[in-house]
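Trainee: Heads up: the sequence shown runs through residues 5 to 288, numbered per the UniProt record's numbering. Glycine included, C-beta positions come from ideal geometry on N, C-alpha and C. No experiment lies behind these values; they were computed from the predicted model shown.
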Amino acid sequence: KDFRNNVKPNWCPGCGDFSIQAAIQRAAANVGVIPEELAVVSGIGCSGRISGYINSYGLHGIHGRSLPIAQGVKMANRELTVIASGGDGDGFAIGMGHTIHAIRRNIDVTYIVMDNQIYGLTKGQTSPRSEMGFKTKSTPAGSIESSLSVMEMALTAGGSFVAQSFSSDLKELTSLIEQGINHKGFSLINVFSPCVTFNKVNTYDWFKENLTSLSTIEDYDPHNRMQAMNTLMEHDGLVTGLIYQNKEKPSYESLVTGFKDEALSSQDISLNQEQFDKLAAEFM
Ligand code: SF4
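(1) Counting beta carbon pairs with one atom in the segment 34–44 and one in the segment 58–71, are three or more of them shorter than 8 angstroms?
(2) Unbroken beta strand (DSSP E) runs of length 3 or more, entirely within the segment 130–174: which are they?
(3) Can you tell me whether I193 is buried or exposed, with buried defined as 16 or more other CB within 10 angstroms of its CB?
(4) Checking 8 angstroms against the spacing of the C-beta atoms, do H64 and G76 come in under that value?
(5) Are the beta-carbon atoms belonging to Q25 and P13 less than 8 angstroms from one another?
(6) Who are the near neighbours of V200 in its chain, counting only those whose CB is closer than 7 angstroms to its CB and skipping five residues on each side?
(7) Tell me which residues share the same chain as P132 and place their Cβ nearer than 6 angstroms to its Cβ, disregarding the 5 neighbours each side in the sequence.
(8) For the pair the segment 264–271 and the segment 246–254, tell me if three or more CB-CB distances fall below 8 angstroms.
(9) Can you list, in chain order, the stretches of the alpha helix (DSSP H) that have 4 or more residues and sit fully within the segment 49–97?
(10) Among F138, L177, V113, whose alpha-carbon lies nearest the alpha-carbon of residue 362?
(11) Taking DSSP as the reference, what is the three-state secondary structure of A43?
(12) Does DSSP classify Q29 as helix, strand or coil?
(13) What residue from G241, F165, T220, A106 has the CA that sits closest to F196's CA?
(14) Report yes or no: is there a C-beta of chain C within less than 8 angstroms of the C-beta of Y224?
(15) Taking the beta strand (DSSP E) that S258 belongs to, which residues open and close that run?
(16) How many Å lie between R82 and V260 at the Cα?
(17) For R53, is the classification buried or exposed, using 16 other Cβ atoms within 10 angstroms of its Cβ as the cut-off for buried?
(18) Using the beta-carbon of each residue, find all residues closer than 5 angstroms to any heavy atom of ligand 1 and list them in chain order.
(19) Could you tell me if A88 is buried or exposed, where buried requires 16 or more neighbouring beta carbons within 10 angstroms of its beta carbon?
(20) Give me the residue from T103, I66, G90 with the minimum Cα distance to G162.
(21) List the DSSP bridge partners of M118.
This is the structure we're talking about:
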């Protein structure tokens with residue numbers, strides 16, 4: 005059950021992504037899967053490298069497309085535990101259409117967003133998560149766009165598992181990833197992961213000062229969607245913990261009919277000549 009491999013991450017020293025890698029490895033071991041039962045699919049960005057740093061099946065895909073690939077993997081082999089991951093630019097800009105539809109579709113994939121509020125790989129431009137006024141190379145006078153409220157968006161899109169964490173809190177993050185893997189449906193876990201090289205505003209200290217743990221809010225009930233929404237709005241989205249879970253919403257794959265329980269990847273789908281000719285004739 006060792007999810008470490010011998011590839012040395014080339015993230016900058018201090019990057020929040022290191023902790024997220026460790027949390028995924030620990031959570032996978034804790035829920036009892038083995039490397040051959042885990043697939044990690046990532047997009048493009050510093051965070052996208054993560055699929056190469058975990059001892060499992062891995063696919064480093066193209067920008068914003070980790071979710072279509074991850075959903076295809078899950079449908080082809082439902083016996084796999086599937087984790088998709090990427091940055092806030094990957095998931096909430098170019099990949100946003102996929103993110104919203106994966107949320108409402110509720111396919112059993114755990115999506116971990118490494119949210120650093122900036123594009124790190126391309127050396128520091130504003131992302132959809134950057135605050136208004138945020139100065140970068142692409143917005144030297146400050147961003148004139150407001151930041152996207154992703155947790156609120158996930159709730160309104162019909163999310164059945166919505167959580168947020170901070171890369172420094174390895175214990176909470178590991179626990180949330182475990183819960184997300186065990187959740188029978190789509191789980192979105194947004195993780196504040198400081199970019200120490202290009203984001204000099206949203207630093208470790210900034211998050212420590214501004215984040216509120218839901219565990220400190222009396223009577224917080226993660227099954228109450230209205231309370232979840234109100235709490236997010238009161239705290240400007242800066243909360244950590246399990247924000248909302250609906251265990252009653254059926255997963256996509258549990259509703260798909262006509263699929264054999266056996267993984268598509270292990271079924272014999274070869275055609276004999278007669279079947280092939282018949283199929284080919286339909287396209288003539
Ligand atoms: Fe991490 Fe930022 Fe360095 Fe990328 S540029 S590896 S996000 S610290």
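Mentor: Inspection of the coordinates gives the following:
(1) yes
(2) 165–170
(3) buried
(4) no
(5) yes
(6) C16, G18, C19
(7) F96, A97, L152
(8) no
(9) 70–80
(10) Given a span of 5 to 288 for the chain in the structure shown, any question on residue 362 remains unanswerable.
(11) strand
(12) helix
(13) G241
(14) Chain labels in this structure do not include chain C; a single protein chain is all it has.
(15) Segment 256–259 is the alpha helix (DSSP H) holding S258; no beta strand (DSSP E) there.
(16) 12 angstroms
(17) buried
(18) W15, C16, C19, C50, G124, C199, V200, T201
(19) buried
(20) T103
(21) G91, V195
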